[in-house]
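Residue numbers (the working numbering): 3 to 326.
Structure below.
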């Protein structure tokens, strides 16, 4: 189905669901169990909301575990779920282009909405040396790809960014449920202390590293992370690239880079094909390891109760291996 047809189908679904969402206007702001109902779009915010809310909240992750958020399209049921939420937490940006229409359908509802990209300094994705640029088709055929810039939407990859995001979530919960506001603020304070400790652990690893470059045989969704800790990187694709097959030149560049810099680990991100990383590893003798961007988790991980902090603890060992 073409993008245009998908968009028309989505808009039609919104129009059909609007009366249902509007008709829920008499529903109390809390579920019958008395808990604050929170809906989130990506895993980090789901976990943050649970950590801050504790037993006072119920949290739904609207994009199913294991699904790529870039290809997600909400169902009519999803739109009703959002329309009945007390708090809706979303990232913003192009990967959630469906959100404005859903919020329009829920207009008039007493929903506290939180767009997380509004609360940190957002940077653009960049094309570094050796990285394959994504091709863009244009009607006039003469638009320069170099002019195509996209914001890097993976703002949660830097722990100190998450400190700001957690504080914003706590404030949103306190606003939606003032009777328990101090509980939310206290839990947020405890949780941000853990994030700051994580930040210090990363800084210690980087300070003792033999080199400061990460090489990804994959997409690169970690610019906020590398910027925060003074690291450089090379990768096959930008973070939100839809490309899966790099050119021979890109692979050759990454192979040469690993050999020249004496790098022992080539990285991939979670739930990604290891084909490119395996090819590079075979040519260089490097080991393939997975760095968790925390963007999404598998259903198995989700059911097992993984958290942002547990995933980042796994990343600490990967980072040690990668930089040494």
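Yeah, the Cβ is synthetic: ideal placement off N, Cα and C, and Gly gets one too.
Report, in whole angstroms, the separation of the C-beta atoms of residue 155 and residue 97, which I expect to be a contact under 8 Å. 6 Å
Beta strand (DSSP E) containing residue 294: first to last residue? First-last for residue 294: undefined, no H or E at that position.
Taking residue 308 and residue 290 to be in contact with their CB atoms under 8 Å, please state how far apart those CB atoms are, rounded to whole angstroms. About 21 Å; that fails the 8 Å criterion.
Applying the 10 Å Cβ sphere with the 16-neighbour rule, what's the burial state of residue 132? buried
Reduced DSSP secondary structure (H/G/I, E/B, other) of residue 100: coil
Please classify residue 317: is it buried, with 16 or more other beta-carbons within 10 angstroms of its beta-carbon, or exposed? buried
Here's the rule I'm using: 16 or more other beta-carbon atoms within 10 Å means buried, otherwise exposed. How should residue 270 be labelled? buried
Enumerate in chain order the residues of its own chain whose CB-to-CB distance from residue 214 is below 7 Å, with the five nearest sequence positions on each side excluded. Excluding residues within five positions, the ones whose Cβ falls inside 7 Å are 208, 232, 233, 234 and 325.
One question on the structure: do residue 298 and residue 50 come within less than 8 Å of each other, judged by their Cβ atoms? Remark: C-beta atoms of residue 298 and residue 50 do not approach each other more closely than 8 Å.
Comparing the C-beta of residue 317 with each C-beta of chain C, is any distance below 8 Å? Of the protein chains in this structure there is only one, and it is not chain C.
Kindly list the residues whose CB is nearer than 8 Å to the CB of residue 126, restricted to its own chain and excluding five residues on each side of it in sequence; keep chain order. Taken in chain order, the residues that qualify are 151, 152, 153 and 154.
Length of the line joining the Cα atoms of residue 115 and residue 100: 15 Å
Using alpha carbons as the reference points, say which of 301, 279, 225 and 247 lies closest to residue 124. 225
One or two residues paired with residue 40 in a DSSP bridge: Answer is 61 and 89.
Span of the beta strand (DSSP E), counted from its first residue to its last, around residue 234: Residue 234: member of the beta strand (DSSP E) spanning 234-240, first to last residue.
Continuous beta strand (DSSP E) stretch holding residue 218: start and end: 215-222
According to DSSP, is residue 325 helix, strand or coil? DSSP places residue 325 in helix when its eight states are reduced to three.
Less than 8 Å separating the beta-carbons of residue 68 and residue 276? Not in contact: residue 68 and residue 276 (Cβ atoms no closer than 8 Å).
Once you ignore the five residues that flank residue 310 on each side, which residues in its own chain have a CB closer than 6 Å to its CB? 46, 49 and 296
Among all the DSSP beta bridges, which residues are the ones paired with residue 159? Beta bridge pairing from DSSP links residue 159 with no other residue.
Just to confirm before moving on: does the CB-CB distance between residue 186 and residue 175 stay below 8 Å? yes
Can you find the residues in the same chain that come closer than 6 Å, C-beta to C-beta, to residue 161, ignoring five residues on each side of it along the sequence? The answer, listed in chain order, is 197, 200 and 201.
Rounded C-alpha distance that separates residue 255 from residue 218: 12 Å
Flag this pair as touching only if the segment 36-45 and the segment 78-89 have three or more C-beta atom pairs under 8 Å; answer yes or no. The segment 36-45, when compared against the segment 78-89, does touch it at the 8 Å Cβ threshold.
What residues are listed by DSSP as bridge partners for residue 270? Residue 270 pairs with 292.
So, using beta-carbon positions, are residue 58 and residue 79 closer together than 8 Å? Judged by their CB atoms, residue 58 and residue 79 are not nearer to each other than the 8 Å cut-off.
Anyone know if the C-beta pair for residue 260 and residue 286 falls short of 8 Å? yes
According to DSSP, is residue 145 helix, strand or coil? Model confidence at residue 145 stands at a pLDDT of 46, short of 50, so the residue's coordinates are unreliable; what they give is reported in the following sentence. Residue 145: coil per DSSP, three-state reduction.
Where residue 303 falls, given that 16 or more other Cβ within 10 Å makes a residue buried: buried
Scan the segment 165-218 and note each continuous beta strand (DSSP E) run of 3 residues or more that stays entirely inside, going in chain order. None, since the segment 165-218 contains no complete beta strand (DSSP E) of that length.
Cβ-Cβ separation, residue 130 to residue 157 (assumed contact under 8 Å), whole Å: So it is not a contact: roughly 19 Å between Cβ atoms.
Where the beta strand (DSSP E) containing residue 115 begins and where it ends: 114-117
Taking only the alpha-carbon atoms, compute the straight-line gap between residue 230 and residue 223 and give it to the nearest angstrom. 14 Å
In whole angstroms, give me the CA-to-CA distance for residue 167 and residue 53. One C-alpha to the other measures close to 13 Å.
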